[in-house]
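Q: Residue numbers (the numbering used here): 53 to 295. No residue lacks a Cβ here, since even glycine has one placed at the ideal position from N, Cα and C.
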């Protein structure tokens, strides 16, 4: 059976993590390795993890930020696929993992997909749906698509352990953008699910530091695509938003 490693990063997340834990606990699929990387929380986070998901593999120690914690999760994971679901985010339904695995196995000949990706619903703190993400994943995901921005939410971006690399700690706010580009470069077979698979809690680190995050993304795009293409892409963003 295909084994899925779901990794949750958290720090003092007692106010947001319960829906995430409930979402994991109610999954109908059996081959889930659940990993919780905690940054030495001082609230009730760990007690809640143990209460709702007693089978979770928990690591609790100080880290150097979100992406350092995510790298710890990558190192611990033993599943065929890695799936990041951070505190506050939830899987769409109790059968989500089962449905994703069924689709993976249906499309595993002649070779299994390296990346599986879906769509994301943004929800508020009351778990009410707000909207789909403004940037939507394309039917065929290629590196050049990232000139349009972060087209996939990393919570809806499932990667084979065969190709996975660590996050670049040089980027404090947008390393997920850099990482997704790198994964697409390494992938030989991307599988779109063409449906929502996660609920993403509005806010997040990059939203709280929006300008700094955009500056990091500009540097990443310049590194990957060159200055001219990056400038043209940003001019296109401005034109589209003014229409």
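#1: Is the distance from the Cβ of residue 189 to the Cβ of residue 241 below 8 Å?
#2: What are the boundary residues of the alpha helix (DSSP H) that includes residue 244?
#3: Contact between the segment 177-184 and the segment 74-88 is defined here as three or more beta-carbon pairs at a separation below 8 Å; is this criterion met?
#4: If you follow the beta strand (DSSP E) that residue 173 is part of, which residue opens it and which one closes it?
#5: Count the other CB atoms within 10 Å of the CB of residue 232; is the residue buried (16 or more) or exposed (fewer)?
#6: Report the option in 263, 168 and 230 whose CA atom is closest to the CA atom of residue 249.
#7: Taking 8 Å as the CB-CB limit, is residue 141 close to chain B?
#8: Would you list the one or two residues that DSSP bridges to residue 211?
#9: Thinking residue 160 and residue 79 are a contact (beta carbons under 8 Å), I'd like their distance in whole angstroms, please.
#10: Per DSSP, what kind of secondary structure is residue 71 in: helix, strand or coil?
A: Taking the geometry as given:
#1: no
#2: That residue, residue 244, is in no alpha helix (DSSP H); its beta strand (DSSP E) goes 242-253.
#3: no
#4: 167-175
#5: buried
#6: 168
#7: No chain B is present in this structure, which holds just one protein chain.
#8: 134 and 167
#9: So it is not a contact: roughly 21 Å between Cβ atoms.
#10: helix
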